[in-house]
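Each remark here refers to the structure printed beneath this line.
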Amino acid sequence: MSTTQVDSSSMAPSQPSVDVTDTIRILEEPVHEEQKHTNTADENLVYDDDEHEPDLHARTWIALAGFCLYSFTQLFALLGPPTVLGLIAVDLDGFNEIAWVPNAMVLVQAALVNLLATASDLFQARKRLLIFCLTLAFIGAAIAPGSKSVGRLIAAQTLIGFGNAIQVLAFTVPSEILPKRWRPMAQALILCAGAFAMVASPVIISAFVKRNVPDWRNFYWIETGLWGSTVLFILIGYRPPKRHTRLDHLSFWQKLFKLDLIGSFILAAGLVLLLTGLSMGGPAHPWRSAETLSTLLIGSVALIVFFIYEWKGTKTGILHHELFNHSKANVRTFVICLMLVFVESPMLYTMILEYPLLTQAVFEPDLVLASARVVIYYAFIGVGNVFWGALVVKLKSIREALMSGFVIHLIGTIGFCFIQPNQNANAIAFSAVMGFGMGAILGQVTAGVQLVSPHAHLAKATALALSVRAAMTTACVPIYTSVVNSGLSSRLPEYVARAATSAGLPEGSLSEFVDAISTGQVALLPDIPGVTENIISAGTHAVKQANVDSIRYTYIISVPFCVIGGVLAWWIGDLKKVMTWHVDAPVEKLAAKVHCEKQESYSV
801 MSTTQVDSSS MAPSQPSVDV TDTIRILEEP VHEEQKHTNT ADENLVYDDD EHEPDLHART
861 WIALAGFCLY SFTQLFALLG PPTVLGLIAV DLDGFNEIAW VPNAMVLVQA ALVNLLATAS
921 DLFQARKRLL IFCLTLAFIG AAIAPGSKSV GRLIAAQTLI GFGNAIQVLA FTVPSEILPK
981 RWRPMAQALI LCAGAFAMVA SPVIISAFVK RNVPDWRNFY WIETGLWGST VLFILIGYRP
1041 PKRHTRLDHL SFWQKLFKLD LIGSFILAAG LVLLLTGLSM GGPAHPWRSA ETLSTLLIGS
1101 VALIVFFIYE WKGTKTGILH HELFNHSKAN VRTFVICLML VFVESPMLYT MILEYPLLTQ
1161 AVFEPDLVLA SARVVIYYAF IGVGNVFWGA LVVKLKSIRE ALMSGFVIHL IGTIGFCFIQ
1221 PNQNANAIAF SAVMGFGMGA ILGQVTAGVQ LVSPHAHLAK ATALALSVRA AMTTACVPIY
1281 TSVVNSGLSS RLPEYVARAA TSAGLPEGSL SEFVDAISTG QVALLPDIPG VTENIISAGT
1341 HAVKQANVDS IRYTYIISVP FCVIGGVLAW WIGDLKKVMT WHVDAPVEKL AAKVHCEKQE
1401 SYSV
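Residue numbers (our numbering): 801 to 1404.
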């Protein structure tokens, strides 16, 4: 069999329409109950031979390579600035607003990802949306190097956030242009490309800043080149045949109002307010202050209103009811995968946020060498992605890989719960173990969401998973930061004072010594009366111990999430029936590989 082509224009008006309409409703994507007009133009391509592998050509692989480049660029942009955020704040003199530099990207994604996904599903406008959002990201990256204030950098990051928001299509398109059986591997390859960015990004920006703090701007020039290359690659390399929907006869404004604008607005408002409230909590705005509490409360109420509206107010919104009312087994797997995304974020962010802090404060003060240690975690995520993706394709099941990933990640997490300042090699080993386990989780959860979702709502389902991840990501930042800061504020002076006193420091010099060593002003220590090398050594060890004892609580917090994730993964359904050779939206006409081989042998 070969690619199925749906041509509704060949139907005569007088023919009985029951069987033909049923066929169109199965093969023509997307199909919605409220759409009454059939498309009479060109054909949609669907490879529907479930039993035989299709013969893919360069056009498909070039498109896949383009999305791998996007994944690299997106994570390069996302992970670079947070690595040296404190030094950027020093350069721009903006400590109070600096947290918004990374959060701006995440907030744009949280606010727009569902609207973009719905538009791409409803109008089959994937390429146009990609080019538009990637171009905005390119402009934002070009604006950032000229920043003389944090405000301009935040504005630039907001534009870059559009490139982050369109991430949903980087996960969706590879899955729909390749056979369903290969979706786990497609997600693994996309994330593996991102893992290379996770390795490169922190090291590159750290090297710039180590040479000269204002040179962080050079990182954005590299980022500008990457966004520009991605725009060109997608523009030239991703050439899907035109696909039609039953909305083709509508005007632009009529199509626009088919989107769930009400739900999108309520969700965006709720997420932005909730995540803003979580980011505000701290020294500038205490958690119990009216500003913080009111923002959190209004955001939470808006999210509750959103869920009620999606449940009772519409059946075709962001939470499209068809995602939850088809096969019971598939719906169960879909919901479980969303829950796994929820528990995955607290696990992931112990390493993204706290491991770099632990490394530099305890094991390696040099910024570049510390970054090189941190990227071991990301490197093993990349290795794990490919290994687990290949295993899932072979087994035609994601359950075993996910359970293994959570267990392996749990082992590394428990190791960090008991880490000590003298266990340098242990920290590296535990990070590698956790990275390998996380490699099983990140890609296969997304693959699970996509495998059990109708193609008409593929981007929407993927966006839902990314929204959960984005919301949990921004929630983890203030929670973990609060845990560590609270621990350090109490432990640091206590540990240093006890260690210095035990080493023989006079009582009169204690306060000055504690202040100097706690703030990293090591050069001042020899000038303090009564301070010796032995006392400095004892105080330095106390600082490391205080950091370890404060940071370990973030890993303790993540342990229950590892356990819950492993238990939930056990209940994922059997996916063998859906992991076929079917291709939902090929970018080229496909024929069965076995047929092509026979044709070649005949010609010989």
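C-beta atoms are modelled at their ideal positions from N, C-alpha and C, and glycine is treated no differently. Note that the structure is predicted; figures quoted are calculated from it, not measured.
Neighbourhood of residue i by C-beta, 6 Å cutoff - its chain only, sequence neighbours within 5 removed
i               : result
alanine 1069    : Ala1102
alanine 1275    : Leu1078
alanine 1270    : Val906, Gln909 and Ala910
glutamate 1144  : Ile1241
histidine 1085  : Glu1091 and Thr1092
serine 1001     : Phe876, Leu879 and Gly880
isoleucine 1364 : Val1143
Straight-line gap, residue i to residue j (C-alpha atoms, nearest Å)
i               : j                 : result
methionine 1080 : histidine 852     : 55 Å
aspartate 1349  : valine 901        : 28 Å
alanine 1229    : proline 1329      : 42 Å
cysteine 992    : valine 1003       : 18 Å
aspartate 848   : alanine 1391      : 10 Å
threonine 972   : glycine 880       : 25 Å
lysine 1344     : glycine 1182      : 30 Å
glycine 946     : lysine 1196       : 50 Å
cysteine 868    : alanine 925       : 20 Å
aspartate 921   : lysine 1260       : 7 Å
leucine 916     : phenylalanine 932 : 11 Å
lysine 1112     : aspartate 1060    : 14 Å
valine 1207     : proline 1326      : 48 Å
Local conformation of residue i per DSSP, three classes
i                  : result
alanine 1232       : helix
valine 846         : strand
histidine 1209     : helix
proline 1221       : coil
histidine 1085     : strand
alanine 1392       : strand
proline 1254       : coil
valine 1175        : helix
valine 884         : coil
valine 1383        : strand
proline 854        : strand
phenylalanine 1057 : coil
glycine 1366       : helix
threonine 823      : At threonine 823 the pLDDT is 37, less than 50, meaning the model places this residue with poor confidence; the figure from the coordinates comes in the next sentence. Helix.
isoleucine 1036    : helix
glycine 1405       : Only positions 801 to 1404 of the chain appear in this structure, which leaves residue 1405 out of reach.
lysine 1260        : helix
glutamine 1244     : helix
leucine 978        : coil
lysine 1194        : helix
alanine 995        : helix
serine 949         : coil
valine 1378        : coil
arginine 859       : helix
tryptophan 900     : helix
serine 1051        : coil
glutamate 1164     : coil
glutamate 1400     : At glutamate 1400 the pLDDT is 48, less than 50, meaning the model places this residue with poor confidence; the figure from the coordinates comes in the next sentence. The answer is helix: DSSP assigns glutamate 1400 an H, G or I state.
serine 1267        : helix
Within 8 Å, strictly: CB atoms of residue i and residue j
i                  : j                 : result
isoleucine 1351    : leucine 1075      : no
phenylalanine 996  : phenylalanine 872 : yes
leucine 892        : serine 975        : no
valine 1249        : isoleucine 977    : no
asparagine 964     : valine 908        : yes
phenylalanine 1107 : leucine 1123      : no
tryptophan 1027    : alanine 937       : yes
methionine 1379    : leucine 1251      : yes
asparagine 1334    : alanine 1303      : yes
tryptophan 1053    : leucine 887       : no
threonine 1024     : alanine 904       : no
alanine 919        : leucine 929       : yes
alanine 1265       : isoleucine 1198   : no
Supposed contact pair residue j and residue i - C-beta distance, whole angstroms, cut 8 Å
i               : j               : result
serine 1243     : asparagine 1185 : In the sequence as presented, serine is not what sits at residue 1243; that position holds glycine. Indeed they touch by this definition, with Cβ atoms about 5 Å apart.
valine 1072     : threonine 1262  : Incorrect: roughly 21 Å between the Cβ atoms, too far for contact.
tryptophan 1381 : valine 1193     : Not a contact, Cβ separation roughly 12 Å.
glycine 1037    : glutamate 1110  : About 36 Å; that fails the 8 Å criterion.
Cut-off 7 Å between Cβ atoms - residues of its own chain near residue i, not counting five sequence neighbours on either side
i               : result
isoleucine 1211 : Val1233
alanine 1190    : Met985
glutamate 1388  : His857, Arg859 and Thr860
alanine 1201    : Trp1188, Leu1191, Val1192, Ala1240 and Gln1244
Below-8 Å beta-carbon distance, residue i vs any chain C residue
i             : result
arginine 1291 : No chain C appears in this structure, which consists of one protein chain only.
Own chain partners of residue i with C-beta closer than 8 Å, once the 5 adjacent residues on each side are dropped
i               : result
methionine 1203 : Gly1366, Ala1369 and Trp1370
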